[in-house]
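According to my numbering, the stretch in the sequence shown is residues 3 to 261, in order.
We put the CB at the ideal spot given by N, CA and C, even for glycine.
In this text the structure is predicted, and so the values were computed from the model without any measurement.
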Amino acid sequence: MPAPSARVDVPSGAVDANYTRVFLSCYSTTMSTDDREVAILAASRSAFTACTVTARSPLFLATMAILPIRIVGDPVLHTPTEQVTKTPAELAELFADMYETLDAANGVGLAANQVGLPLRLFIYDCPDQGPDGKMIRRKGEVVNPVLETSAIPETMPDPEDDDEGCLSVPGEQYPTGRADWARVTGTDANGEPVDIEGTGFFARMLQHEVGHLDGFLYVDVLIGRNARAAKKAIKRAGWGKPGLSWVPGTVEDPFGHED
């Protein structure tokens, strides 16, 4: 999920279909960091054709930490994710890469299936209002999250207060009805129990990310004219099919954030 911002249109790029298979393999074995980077680079060559770097260079390592984000229509985004059984040590590199990707995308939340992994986990780095009314940032990760919310309004969402976007639908934003309060329980990157809750934008983020893990995007819960507008935008962009992604930092920010 992106931070709130202005919207601009940018093109998307296709990733080699072999990428997913190799990427999953790299994170599910004891492959060394160097071998993992080389394997993923080779598999994702269509996403990095503009990069001419060596396997040992700082540019290579920085690029490899920023993962391609899948675009609406890819099957991994529309299939419920699997419960995570991996140990914290096995997930450490994945979390590091996801945080790097989230930062490059100027996002506030990122689910594992958005980077091609059908695992029930997400990370967040999201603004929220503290107890004293001042804005703070809340950052963390949740493995195998369970979501609880207050009632979701049945009325049309407000076009100003309820605008929502998604890194897997780059550049588009639509008013989306969400519960004002949400709570998520699970475990963190260290395997420790986590229990987080919030209201407003933070609650929206929690619902958005768990929705990803349940196999649907925010555009799937839009209603009325907003649903129709999203459907047209997806068709116009040529999305809605497997194999499309974009790499944060290689194109203009789709939501108009400034570095």
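Alpha-carbon spacing of residue i relative to residue j, whole angstroms
i, j, result
"Ala107", "Phe257", "9 angstroms"
"Cys168", "Val212", "13 angstroms"
"Gly226", "Gln175", "15 angstroms"
"Pro129", "Ala113", "17 angstroms"
"Gly242", "Pro161", "25 angstroms"
"Ser247", "Leu69", "10 angstroms"
"Ile236", "Gly135", "38 angstroms"
"Gly251", "Asp99", "14 angstroms"
"Lys141", "Phe204", "11 angstroms"
"Ile154", "Ala232", "21 angstroms"
"Pro172", "Val249", "11 angstroms"
"Pro244", "Asp76", "4 angstroms"
"Asn146", "Leu104", "19 angstroms"
8 angstroms Cβ cutoff met for residue i and residue j
i, j, result
"Thr178", "Tyr126", "no"
"Arg122", "Val86", "yes"
"Val148", "Gly111", "no"
"His210", "Asn115", "no"
"Asp190", "Glu143", "yes"
"His80", "Gly240", "no"
Environment of residue i [buried if 16+ CB atoms lie within 10 Å]
i, result
"Arg180", "buried"
"Gly193", "exposed"
"Thr1", "This structure does not reach residue 1, given that the chain is present from 3 up to 261, and the question cannot be answered."
"Arg238", "exposed"
"Ser170", "buried"
"Thr89", "exposed"
"Ala94", "exposed"
Where the alpha helix (DSSP H) through residue i begins and ends
i, result
"Asp99", "90-106"
"Arg227", "226-239"
"Leu215", "202-215"
"Ala67", "60-67"
Own chain, CB closer than 7 angstroms to residue i, minus 5 neighbours either side, in chain order
i, result
"Asp255", "Asn108"
"Phe97", "Ile125, Glu143, Ala191"
Neighbour flag for residue i against chain C, beta carbons, 8 angstroms
i, result
"Ala5", "No chain C appears in the structure shown, which is made up of a single protein chain."
Residue range of the beta strand (DSSP E) that includes residue i
i, result
"Ala113", "111-113"
"Ala184", "183-189"
"Gln85", "Neither: Gln85 is in no beta strand (DSSP E) and is coded neither H nor E."
"Lys141", "137-151"
6 angstroms Cβ shell around residue i - same chain, five flanking residues per side excluded
i, result
"Ala208", "One detail in the question is off: residue 208 reads as Leu in this sequence, not Ala. Closer than 6 angstroms at Cβ, skipping near neighbours: Ala184, Val186."
"Gly200", "Asp130"
Residues of its chain near residue i, where Cβ-Cβ distance is below 8 angstroms and the 5 sequence neighbours each way are ignored
i, result
"Asp165", "Pro6, Gln175, Tyr176, Pro177, Thr178"
"His259", "Pro4, Ala5, Ser7, Asn108"
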